[in-house]
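Encoded as structure tokens, the structure appears first; notes follow it.
Protein chains: 4
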Amino acid sequence: MSSNPAYELLAAKLAAKGLSIDEIKGRLKTQCIETPSWGYADSGTRFGSFKQPGAAISIAEKLADAGQVHQFTGVAPKVAMHVLWDLPDDDALQSVPAAAAAAGVRIGSINPNVFQDQEYKLGSFCHHDAEVRRKAIDHSLFCLDVAKAVDSDVISFWLADGTNYPGQDSFIARKHRLQEGFAEVYAAMPPEMLMLVEYKFFEPAFYHTDLCDWGQSLLLCRHLGPQAKVLVDLGHHAQGVNIEHIVATLLDEGMLGGFHFNNRKYGDDDLTCGAINPYEFYLIYNELAAAEEDSRLRCRVEYMIDQSHNIKLKIPAMIQTVMTIQAAYAKALCVDRAELAAAREAGDTQAAELVLVDAYDTDVRPLLAVVRAEMGLDPDPLKAYFASGYQETIESERGFRQGRGLGS
Amino acid sequence: MSSNPAYELLAAKLAAKGLSIDEIKGRLKTQCIETPSWGYADSGTRFGSFKQPGAAISIAEKLADAGQVHQFTGVAPKVAMHVLWDLPDDDALQSVPAAAAAAGVRIGSINPNVFQDQEYKLGSFCHHDAEVRRKAIDHSLFCLDVAKAVDSDVISFWLADGTNYPGQDSFIARKHRLQEGFAEVYAAMPPEMLMLVEYKFFEPAFYHTDLCDWGQSLLLCRHLGPQAKVLVDLGHHAQGVNIEHIVATLLDEGMLGGFHFNNRKYGDDDLTCGAINPYEFYLIYNELAAAEEDSRLRCRVEYMIDQSHNIKLKIPAMIQTVMTIQAAYAKALCVDRAELAAAREAGDTQAAELVLVDAYDTDVRPLLAVVRAEMGLDPDPLKAYFASGYQETIESERGFRQGRGLGS
Amino acid sequence: MSSNPAYELLAAKLAAKGLSIDEIKGRLKTQCIETPSWGYADSGTRFGSFKQPGAAISIAEKLADAGQVHQFTGVAPKVAMHVLWDLPDDDALQSVPAAAAAAGVRIGSINPNVFQDQEYKLGSFCHHDAEVRRKAIDHSLFCLDVAKAVDSDVISFWLADGTNYPGQDSFIARKHRLQEGFAEVYAAMPPEMLMLVEYKFFEPAFYHTDLCDWGQSLLLCRHLGPQAKVLVDLGHHAQGVNIEHIVATLLDEGMLGGFHFNNRKYGDDDLTCGAINPYEFYLIYNELAAAEEDSRLRCRVEYMIDQSHNIKLKIPAMIQTVMTIQAAYAKALCVDRAELAAAREAGDTQAAELVLVDAYDTDVRPLLAVVRAEMGLDPDPLKAYFASGYQETIESERGFRQGRGLGS
Amino acid sequence: MSSNPAYELLAAKLAAKGLSIDEIKGRLKTQCIETPSWGYADSGTRFGSFKQPGAAISIAEKLADAGQVHQFTGVAPKVAMHVLWDLPDDDALQSVPAAAAAAGVRIGSINPNVFQDQEYKLGSFCHHDAEVRRKAIDHSLFCLDVAKAVDSDVISFWLADGTNYPGQDSFIARKHRLQEGFAEVYAAMPPEMLMLVEYKFFEPAFYHTDLCDWGQSLLLCRHLGPQAKVLVDLGHHAQGVNIEHIVATLLDEGMLGGFHFNNRKYGDDDLTCGAINPYEFYLIYNELAAAEEDSRLRCRVEYMIDQSHNIKLKIPAMIQTVMTIQAAYAKALCVDRAELAAAREAGDTQAAELVLVDAYDTDVRPLLAVVRAEMGLDPDPLKAYFASGYQETIESERGFRQGRGLGS
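Chains as they are written, first to last, in the working numbering: chain D, 904 to 1311; chain C, 904 to 1311; chain A, 904 to 1311; chain U, 904 to 1311.
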């Protein structure tokens, strides 16, 4: 055996399946995960927000923190921006390119906020009052300018629109307003830009959500045009829904645009990805990995983290999350697809399942350690981050502060 | 006051809202509800079936029993047929037109069964084996012949297809097989025929269902053509899903084709309609009643009951169900739509809600009693049925027997 | 007919069932509903709080507003206090008795807050650190003093304790800490005081809640002693749970202490009571009304509203809620219990169900109007409130302000 | 490195944690899992049962098949019997001891059936009719005799009792009947016998289940006495419920009596254990493994499989299930409890979680292979079973047949 027996054992196992470990490592090295600027700031629930020492409040701090995650993992070069929380003024916007460059990251998706201002009490794009809709549209158009200014080509919409009481508003009238408002924003997009349309089945509206499921998002995107695609947030489904099936369906329809990775046990809990059901997350990645190898499926998919891990430390939790995503992808790459296809063709349910289980049960940490080493990184990003002193520095320099954003 | 003070009070109230009680009565008199042949037969759960004396086993008996429901309610002239359970042989098929005529009913939707035979263990239209798919397609084509023979213009599909274990089969391969098989059936339909495509999010497949939600059914229908529409079964959604929102969306998209009315508390419980949440059922009818008055929404909607009320007597439970549906429609017709629109336009959530609540809280039984009297019916169909002696007759003549069908 | 034909019709119907309308009216007049001080203040979700003009911020204002609800409904004489939000200092506490008297109300339950302070990030009574537990216990003991000062004999606990991640803490260690801390508070209670122990199955902790269901609350109460009873909040159950069954069980065990009335569609949505499933609410009241007539069941039950109706106007929504509760109780009182018992004894499922449905379908608004008139109140409390000018006055005098409390 | 490098690597890792691999292996070797006789027979859903060639129909065949599972895994020496399905007559009962001995297994729990006969349409122990209750009690008393005859000391109750419609029966009356009937059975138990009381929150009753959750079972057991304990079936909870928390609570209360292992995605799907959320299953085993090391917690826990894996081959699916359970236990034994306790004490959520994740991510298959080898077994039980020829033999000798039991 070599000096890295665990890796060698894994390599031998993969070779026995006819899988190329070099190809697997290559795909792992080019994985690209976007972290959210708001994941570095304090967050909470309606019952309160627990502040962390060192939590970021300015966009410069958020980018610097995101830079740490990328520095230690090597696969998180992009940062999602939340226009309202990150850019209080024009100065902040001007500062972004330099701050991103300094942090070693670039800007990913631009996220409008059309839910927080008082006018949005009864909705934004779906509001019965044309003035409120105008405000939401104008903010979205402004976000297109922001995207241009920071060199982003993705605008990502989550609407909080919905109603709390039966009868409160007309479902159909709201649907028409939604289509009309988005059409105006869509028409203003530059040709290379992608519009992501998220859905969520409850909260903060509690009786109905205008974009409640993938079907609603797909209808809206089809209404708009080819640059609009569906975004799947893992925490936004009813209990019992099979998310990997939705992912496969959207892939087949050419309508999958991106993900918000996180996990939940019941509601939109915003727990760190894989924390509750890591097998489900692996099954989702299994669809994605398979689609990468299927020439008929050609989706540009943005992989984004969207978590408000309220009680874990911000940067360490983000590093843990990136590592969890890497592991799910690595396991999905270890699936013996030829054997899987053969078992399915034979109608052998147990054998087909066990192909997936075998890859899942594989401990891919030695593989990822080698990948990191080959990328010039520490094999244990979390430990390396803690050893770097960055956490102590921000805790002592920044301390506890009041920021902007969800629950803060 | 007149001799019918309760009705007079209601009439005065409606007049005060500017609603025409004559128009309301007219709409109630033309309501048309289809009852299912299998609702007159024994049914059960996987833990057993509790037999009823007098439960129907032949198609002639089922039609006769359905005729009773129509005779006492006046709004249930159509009967859904289940090809496998109702038509054991050609003779049975030949006998249907005369039996229906004798019972005073006509045949509504034709329901293929592609789930019960041993070949369908791993699916029907989605099965990996082309031979099994061929069997499913051929049965469906046969059902088109049946429809012709019994003068039906609706074929209604519920697929049990799905998988029980992660990895068992390819979501995307199954989707393609589904589209291909249905396209063949669709192509064989006569031009005036409607194809209904039901969805269900779990059971009897437990990991994934190929047609799991309205989005999947809509995609399939759009793939097929304008004669294919979505069927909404009230018991086939995940918990917390807003069904009336789905109904409104399908209406707006011109894709609503029909309903399976029933109710559930958790699973697909097949309880009698309105038994668990009658307000939700009213809210669904509110969308339907509003759509009838909206010239932009032109859907042909089939209203069907699909229940396996295992422990209630078959015919009385069906009469109760028809009455419950009538009441929901009647209440929806009592909604003051002008006031509702005004409250919504003013953004007055509470006032808008209370318009719906006011109609719901109205006791419409006096109105329905008058409608029935004007139709030459007994104002209390359930009591009249029990008084008719039919129940005793079938109990003594038919007794307990072994039939065909769900859980029997 | 008399000058009130709708009431006369109802009276005749009840008489035909052998029910005494005088007894029913008497029970409706002595109904006693507690409204929450926090229900008059701004509230919101983690995504933001929408401020209302005139929303109360001081305890004096909250009591004054609660006084309006009682003035117009006659059955809401008590107000729940939230110690942290209502009593910023000793002066506020001193002012309460006079303010309550001026408003025509009295103080009901005292609600400690052991979830909002930064120390409670990982729990309060269940926290691993004895210092934090001490703080929670001391606050609770202080609440007992508050109760004494405002002449309240109910302390009502809702714990936000729980964990967000598997492994975060030991379930069993937390259970022991919980029992120990509560025992200390319990021991300090005066003999006539009632301790209510609420449960909630998710939020703000997302992996596990220490008091997640009625079973956990019951175990804790039994551990403490006879003055501790279970509080049922209607929004705190998993989907599909049968709440009326829990209520009946707690009644039979002598362990039901009180309610938090509200409604939800999916999460703990805090919608106004009866807004989503009014039939379920009626079924709960049916158990309560039946228990009142059963001498073996002797529970002192506190009926409290706990809603954060974020987008409806505070006082009007509270009046609507009180009226909804009255209607549910009134319908439950119209149930023909003798006929129900006979149907059950005969094993006639449909007949038994229809006894409940018949009472539910009855329009009890004429009855409640008469009850109000006999109590010297306007028959339409909501309309009367709007006509009173109070809402305009507080909107113009108070305007939009920043308060304390949930999401504000 | 030795000739088994994967095992050596794991051994080194465990040693570094201060864990004794010999102790771990010892505990794995004494693991004892009971398989259900009905798991070797055909099963299905209400929509149909798909027959397998070779499925067992007689108790002798079931025991022989269970013997295979034990022969290849070494940890499944016990078989649960279902009185109604397994023992059609006295002869069958007489034959059991010899048949079990021949198969190399012994009888575990005795499972009465008080749900299948026509009399139980409205319940068994909770039925309003004393005659039906008498039948259920008598059958249960007979099951005690059966237990004696087959040398079993566990009787395990699952009740299907419940109602389908609001109002159908009195919750409280049913609770009293339940307590009374069980008290009679309990009183007849020999002193060393354990009574297990299962709960289930829905199906086959759809409105309410008399024993719907752990709280109801616990109340009944406490009412009966120390020989009655709660049985947790993993598929019998509402969505979002934290099962490991329930397990810990029951352990702490001394009320945990046993498990029915399986998995589900939405309903009581009876999928093979760990098929949907293996991490949840590991977390449950983590509580059990921790409790084994806690001298204050002294529960006798019966570990039983209860699955109706309809579409997987019976014996192979059972072997897979046993292996999955072994793996969960093995991973739970690899948890570094000292480090976990330290992280919890420090309030370090992430570190505590990662202790559990680390053990879960460990590939324990090499360890289990060594354990099996040391037990004289093939390291790959499933492969060895397929190689043994038993499956082909039963398929050709038994073929497709009609049996007794769930859905058959």
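Quick reminder that beta carbons are idealized off the backbone N, C-alpha and C, glycines included.
List the whole-angstrom C-beta distance separating C:Q1071 from D:E1295, where the pair is believed to meet the contact cut-off of C-beta under 8 Å. The Cβ separation is near 50 Å, so there is no contact.
Compare the C-beta of A:D1281 against all C-beta atoms of chain C and say whether one is closer than 9 Å. no
Starting from D:M984, follow its DSSP beta bridges and name the residues at the other end. D:I1013
At a Cβ cut of 7 Å, what residues of the region 1231-1248 of chain A count as close to chain U, listed as they run along the chain? L1243, R1247 and E1248
I need the straight-line Cα distance from U:Q971 to U:D1116, nearest angstrom please. 35 Å
What does the Cβ neighbour count give for U:C935, buried or exposed, with the cut at 16 atoms within 10 Å? exposed
Whole angstroms is fine: what's the gap from D:M904's alpha carbon to D:E911's? With a pLDDT of only 43 at D:M904, under the threshold of 50, the placement of this residue in the model should not be trusted, and no figure is reported.
Would you mind telling me which residues of chain A sit closer than 8 Å to D:L1025, beta carbon to beta carbon, in chain order? I1214
Say whether chain D places a C-beta atom closer than 9 Å to the C-beta of C:K920. no
If you follow the beta strand (DSSP E) that A:L929 is in, where does it begin and where does it stop? Just to set this straight, residue 929 of chain A is Gly in the shown sequence, not Leu. A:G929 -> not in any beta strand (DSSP E); alpha helix (DSSP H) instead, spanning I924 to K932.
Neighbour list for D:Q1019 in chain A, Cβ cutoff strictly below 8 Å: F950 and G951
What beta strand (DSSP E) runs, 3 residues minimum, are completely inside the region 1102-1178 of chain D? 1131-1136 and 1159-1164
Which chain U residues sit within Cβ distance under 7 Å of D:G1138? The premise fails here: D:G1138 is roughly 13 Å from chain U at the closest Cβ pair, so nothing lies under 7 Å.
For the region 1256-1268 of chain C against the region 1258-1269 of chain A, are there 3 or more C-beta pairs whose distance is under 8 Å? yes
Identify whether U:T1348 lies in helix, strand or coil by the three-state DSSP scheme. This structure cannot settle anything about residue 1348 of chain U, because the visible part of chain U is limited to 904 through 1311.
Can you tell me where the alpha helix (DSSP H) holding C:S998 begins and where it ends? D993 to A1006
Give me, in chain order, the residues of the same chain whose beta-carbon lies closer than 6 Å to that of A:Y1206; leave out the 5 immediate sequence neighbours on both sides. I936 and F1162
Quick check on U:G1138: buried or exposed, where buried means 16 or more other Cβ atoms within 10 Å of its Cβ? buried
So is C:M904 in contact with chain U if we call contact Cβ pairs under 9 Å? Caution applies to C:M904, whose pLDDT of 43 falls short of 50 and renders its modelled position unreliable; the value that the coordinates give is listed next. Not one chain U Cβ lies under 9 Å of C:M904.
Listed by chain order, chain U residues near D:A1272 by CB distance under 7 Å: Chain U residues near D:A1272: none, gap ~13 Å exceeds 7 Å.
Considering Cα atoms alone, identify which of U:A1233, U:A944 and U:E1183 is closest to U:K1274. Checking the sequence, you will find Val at residue 1274 of chain U rather than Lys. Nearest of U:A1233, U:A944 and U:E1183 to U:V1274, Cα basis: U:A1233.
Do you know whose CA, among C:M1098, C:A1005 and C:V1258, lies nearest C:S1043's CA? C:M1098
If I'm right that A:G1011 touches A:V982 with Cβ under 8 Å, what's the distance once you round it to whole angstroms? 6 Å
Among U:G1157, U:H1030, U:D1173 and U:F1164, which residue has its Cα nearest to the Cα of U:S1198? U:G1157
Ordered list of beta strand (DSSP E) runs contained in the region 1043-1105 of chain C, each at least 3 residues: 1057-1060 and 1097-1101
Could you give the C-beta distance for D:G1306 and D:I960, rounded to a whole number, given that I count them as a contact under 8 Å? 4 Å
Specify the secondary structure class of D:S952 as computed by DSSP and reduced to three states. strand
Span of the beta strand (DSSP E) around U:Y1206: E1205 to I1208
For A:P1181, decide whether its Cβ has a neighbour in chain U, counting only Cβ atoms nearer than 9 Å. no
When you compare the CB positions of U:E906 and U:M984, do they come within less than 9 Å of one another, or not? Rather than Glu, the amino acid found at residue 906 of chain U in this sequence is Ser. No, the pair does not count as a contact, with Cβ atoms beyond the cut-off.
C:R1167 classed as buried or exposed, judged by whether at least 16 other C-beta atoms fall within 10 angstroms: buried
Rounded to the nearest angstrom, what separates D:R1247 and U:S952 at their Cα positions? 21 Å
What is the DSSP secondary structure of U:P1282, reduced to helix, strand or coil? coil
Residue range of the alpha helix (DSSP H) that includes U:T1227: K1217 to L1236
Judging by CA-CA distance, which residue of D:P1093, D:N1165, D:G1026 and D:A958 is the nearest neighbour of D:F1074? D:G1026
Classify A:E1196 as helix, strand or coil using the three-state DSSP reduction. coil
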